[in-house]
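These notes are about the structure you will find just below.
Protein chains in written order, with the numbering used here: chain A, 21 to 280; chain B, 708 to 1172.
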């Protein structure tokens, strides 16, 4: 055997994945440090699920834009977790709040806590402000801030506000390595009863995932495609977006790089 | 007048339909509450069990829970019912079936002979009258063996699926997790990747990589990319090395349609995969995953409780003589199984029902971060399942699946279970571990020191990817 210093033989392979490979064993069990790291990651994920978003601060960071505080029909987090149907519907009071702001808007933005408060607190304001800057030529409704909301609640919100398109920013179900992943759902002609196949999803917006810039580009390109084709969902693919972009070359709207 | 009723003191509990009776009798479950079919309180739940216990088994043949005319799964169950095998138990009620299954005269051989005479609904019904210990005691008597490149389900053996998932299907990343698992002696059930993309090219690339790793070290196991069946069929057309055809399945025709499959598509894939003749010690080529709640989530449940529909999925599976079936028990989330109590119970029910129907049952002992469960609960369930005789369990590096974002068991846990309970890998795989120098004198899988030359050889599997 040579006297060369020992290097971790896993080093090269560890660079290729975030999976917890190359762990040591004590007996057949995990070493104490790895066990505690796992518990810490799980604790962060659970805290992200059960934590409450500070919507007051969020509203402040979106000022001077108008925000509307609304609530789903799920009253508590426990009810929200057990009854996804309630998280997709508005409370009666919220219904009134939104009707009072009804108009004719190109787009309605919605921020819902979903399954990760950490995702909303870390990323929602930055992404939304970037979207506003990018889509200045469109008429935007007040921003709905939803407690105990699921993706489909955007359908009712967009419908009540009178928006052609709804964009929902929502906390995704936390994984151990990503407690703060943000998802973005884009739905044309929002109304209760829209199917999931009728929306487009941009997922994995977080520090080690999709950047704010890329996420904003995708929102812009989907918005452009939806307005041209009057639809979203499985028919709004990379291919159809490219076609629309080529046909509109030199048009009013500068088309961003297409990458769903 | 209600068709089923039971009187408790001054109160009479009535159940209008067989589905309602089954749903009220089933243990408390958030998915049945979500569907609005669960018992309203605990007393009604036990009353339903009392009425169910009195029910003759043939009721389930006479009164299908999902109509025969509209559902091909019901037609499969009824048309393939083995009356000869049913004869010895034909006169029993559901309550009597429980006692018969638990009796010592009901041996491994007797259970095997009666399996095709039982329908999924009968098995689901009797499970509702059983405690966890009953589910374990009966399942432990059942032996279901299958084979492809190794022999699964033999007594005293615990196989494991190596699940080297990667969020972007990076081949080196998948190889890294595969190597990690092999060094723990994991992977005798299958080395199976859930792809992030459903593209045929990706599927073929992963299949080629896994097959080259398998061949390079002559590992007596099977590999699988758990893509949609249509993707796997395309991969077969392109000449990819497909050992097993995988598909998620459910208990109604409509729910299977939601998965994009039908019985005829399953049969097509079964035949196409068998025609490749890649198995060396056996010909079982199908791999199915299931899980309570899938029919409700695709709005295809017909008012039937989720545990009964899960058993019907096993009715689908057994028509194709699969190598492997596992319930992904805690994956679906708290709206179907709220907490560890429900997950543990469901895991034992699924294992029992599948085994009794003649399936080679494994379990993905798992949970999501929004369920009320943690790794301690998985420890309990994995031990219970091994005592109940599960054919295989699933493991990922450090219990953390970085692609599907949920927690399963760690490779470590399989080693611990084998040692604590005296269980061994499949015979062919155990010989291979010995050839590789990974097996210690006590039969356990040894950790190689980093400077060991074999470590270098195995780690070099990733070179060139």
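Using N, Cα and C, we set each Cβ at its ideal position, and we do this for glycine too.
Problem set entry | Same chain only: Cβ atoms within 7 angstroms of residue 754 of chain B, ignoring 5 sequence neighbours per side | Same-chain partners within the cutoff: 713, 715, 720.
For this session: With 9 angstroms as the C-beta to C-beta threshold (strictly closer), list the residues of the segment 39-50 of chain A near chain B in chain order.
Result: If the cut-off is 9 angstroms between Cβ atoms, the segment 39-50 of chain A has 39, 40, 41, 42, 43, 44, 45, 47, 48, 49, 50 near chain B.
Exercise. Would residue 1091 of chain B be called buried (16 or more neighbouring beta carbons within 10 Å of its own) or exposed?
Worked result: Per the 10 Å Cβ criterion, buried.
For this session: Could you tell me whether the Cβ of residue 102 of chain A comes closer than 7 angstroms to any Cβ of chain B?
Result: Answer yes: the Cβ-Cβ gap between residue 102 of chain A and chain B drops below 7 angstroms somewhere.
Exercise. What are the start and end residues of each continuous alpha helix (DSSP H) run of 4 or more residues lying completely inside the segment 829-913 of chain B, in chain order?
Worked result: You should have 839-846, 878-889.
Problem set entry | Residue closest to residue 817 of chain B, alpha-carbon to alpha-carbon, out of B/1055, B/828, B/793, B/761 | The residue from B/1055, B/828, B/793, B/761 with its alpha-carbon nearest to that of residue 817 of chain B is B/793.
Exercise. Going straight from the alpha carbon of residue 155 of chain A to that of residue 85 of chain A, what length do you get?
Worked result: Those two C-alpha atoms are separated by around 14 angstroms.
For this session: Could you please give me the residues that DSSP links to residue 203 of chain A through a beta bridge?
Result: Under DSSP, residue 203 of chain A shares a beta bridge with A/190.
Problem set entry | Alpha-carbon to alpha-carbon, residue 1078 of chain B and residue 21 of chain A | Confidence at residue 21 of chain A is low in this model, with a pLDDT of 46, below 50, so the placement of that residue is unreliable and no value is reported for it.
Problem set entry | Within chain A, partners of residue 1122 of chain B - CB distance below 8 angstroms | Correct list: 45, 48.
Problem set entry | Under 7 angstroms from the C-beta of residue 1081 of chain B: neighbouring residues of chain A | By Cβ distance, chain A contributes 62.
Exercise. Can at least three beta-carbon pairs, one atom from the segment 28-37 of chain A and one from the segment 870-883 of chain B, be found at a separation below 8 angstroms?
Worked result: Segments in contact, yes.
For this session: Within the same chain, show all residues whose beta-carbon is closer than 8 angstroms to that of residue 882 of chain B, passing over the 5 residues directly before and after it, in chain order.
Result: Around residue 882 of chain B: 871, 916, 920, 1168, 1169, 1172.
For this session: Have a look at the DSSP bridge pairing and note the partners of residue 996 of chain B.
Result: BP columns for residue 996 of chain B point to B/955, B/1033.
For this session: Please classify residue 827 of chain B: does DSSP put it in a helix, a strand, or coil?
Result: Helix at residue 827 of chain B.
Exercise. Within 10 angstroms of its Cβ, does residue 756 of chain B collect 16 or more other Cβ (buried), or is it exposed?
Worked result: With 16 or more Cβ atoms within 10 Å of its Cβ, residue 756 of chain B is classed as buried.
Problem set entry | Per DSSP, the bridge partner or partners of residue 183 of chain A | In the DSSP assignment, the residues bridged to residue 183 of chain A are A/125.
Problem set entry | Cβ-Cβ distance between residue 726 of chain B and residue 772 of chain B below 7 angstroms | Yes, Cβ-Cβ distance for residue 726 of chain B and residue 772 of chain B is below 7 angstroms.
Problem set entry | Cα-Cα separation, residue 1109 of chain B to residue 196 of chain A | Taking the straight line joining both Cα atoms gives about 8 angstroms.
Problem set entry | the segment 892-909 of chain B contacting the segment 923-942 of chain B, beta-carbon criterion three pairs below 8 angstroms | With a cut-off of 8 angstroms, the segment 923-942 of chain B and the segment 892-909 of chain B count as touching, because enough Cβ pairs lie within range.
Exercise. When DSSP labels each residue in this structure, what does residue 46 of chain A get in the three-state scheme?
Worked result: In the three-state reduction of the DSSP assignment, residue 46 of chain A falls in the strand class.
Problem set entry | Neighbouring residues, chain A, relative to residue 1075 of chain B (Cβ below 8 angstroms) | Here the neighbours are 193.
For this session: Mark residue 255 of chain A as exposed unless 16 or more other C-beta atoms lie within 10 angstroms of its C-beta, in which case mark it buried.
Result: Per the 10 Å Cβ criterion, exposed.
Exercise. If you measure from the CB of residue 1089 of chain B, is any heavy atom of the ligand PLP nearer than 6 angstroms?
Worked result: With respect to the ligand PLP, the structure shown offers nothing to examine, as it has no ligands at all.
Problem set entry | Partners in chain B for residue 135 of chain A, counting only beta-carbon separations shorter than 7 angstroms | The answer, in chain order, is 1077.
Exercise. With DSSP run on the structure shown, which of helix, strand or coil describes residue 743 of chain B?
Worked result: Look at residue 743 of chain B here: in three-state DSSP terms it is coil, with no helix or strand label.
For this session: Run the CB neighbour count on residue 274 of chain A, radius 10 Å, all protein chains shown included, and call it buried at 16 or more, exposed below.
Result: The pLDDT assigned to residue 274 of chain A is 40, lower than 50, so where the model puts this residue is not dependable, and the model offers no usable value.
For this session: Look up residue 1043 of chain B in the DSSP assignment and say whether it is helix, strand or coil.
Result: It is coil, neither helix nor strand.
For this session: Using a Cβ-Cβ cut-off of less than 9 angstroms, give me the residues of the segment 1077-1111 of chain B that come near chain A, in sequence order.
Result: Residues are counted here when their Cβ sits less than 9 angstroms from a Cβ of chain A; for the segment 1077-1111 of chain B these are 1077, 1078, 1079, 1081, 1082, 1103, 1104, 1105, 1106, 1107, 1108, 1109, 1110, 1111, given in chain order.
Problem set entry | Cβ shell of residue 976 of chain B (< 8 angstroms), same chain only, five flanking positions each side left out | Once the five neighbours on either side are set aside, the close Cβ partners of residue 976 of chain B are 936, 939, 940, 952, 954, 993.
Exercise. Which residues in the same chain as residue 1140 of chain B place their Cβ atom closer than 6 angstroms to its Cβ, once the five residues preceding and following it in sequence are excluded?
Worked result: Excluding positions up to five away in sequence, the list reads 892, 1146.
For this session: Can you have a look at residue 1120 of chain B and say buried or exposed, based on whether 16 or more other CB atoms are within 10 angstroms of its CB?
Result: If you draw a 10 Å sphere on the C-beta of residue 1120 of chain B, you find 16 or more other C-beta atoms in it, and that means buried.
Exercise. What's the C-alpha gap between residue 1022 of chain B and residue 767 of chain B?
Worked result: Take the alpha-carbon of residue 1022 of chain B and the one of residue 767 of chain B: they are about 14 angstroms apart.
Problem set entry | Given residue 118 of chain A as reference, the closest of A/107, A/126, A/130 once Cα atoms are compared | Taking residue 118 of chain A as reference, the option from A/107, A/126, A/130 with the minimal CA-CA separation is A/130.
For this session: Note down the Cα distance separating residue 909 of chain B from residue 257 of chain A, rounded to an integer number of angstroms.
Result: Near 19 angstroms, if we compare the C-alpha coordinates of residue 257 of chain A and residue 909 of chain B.
Problem set entry | Beta-carbon neighbours of residue 69 of chain A, restricted to chain B and to distances below 8 angstroms | By Cβ distance, chain B contributes 1076, 1077.
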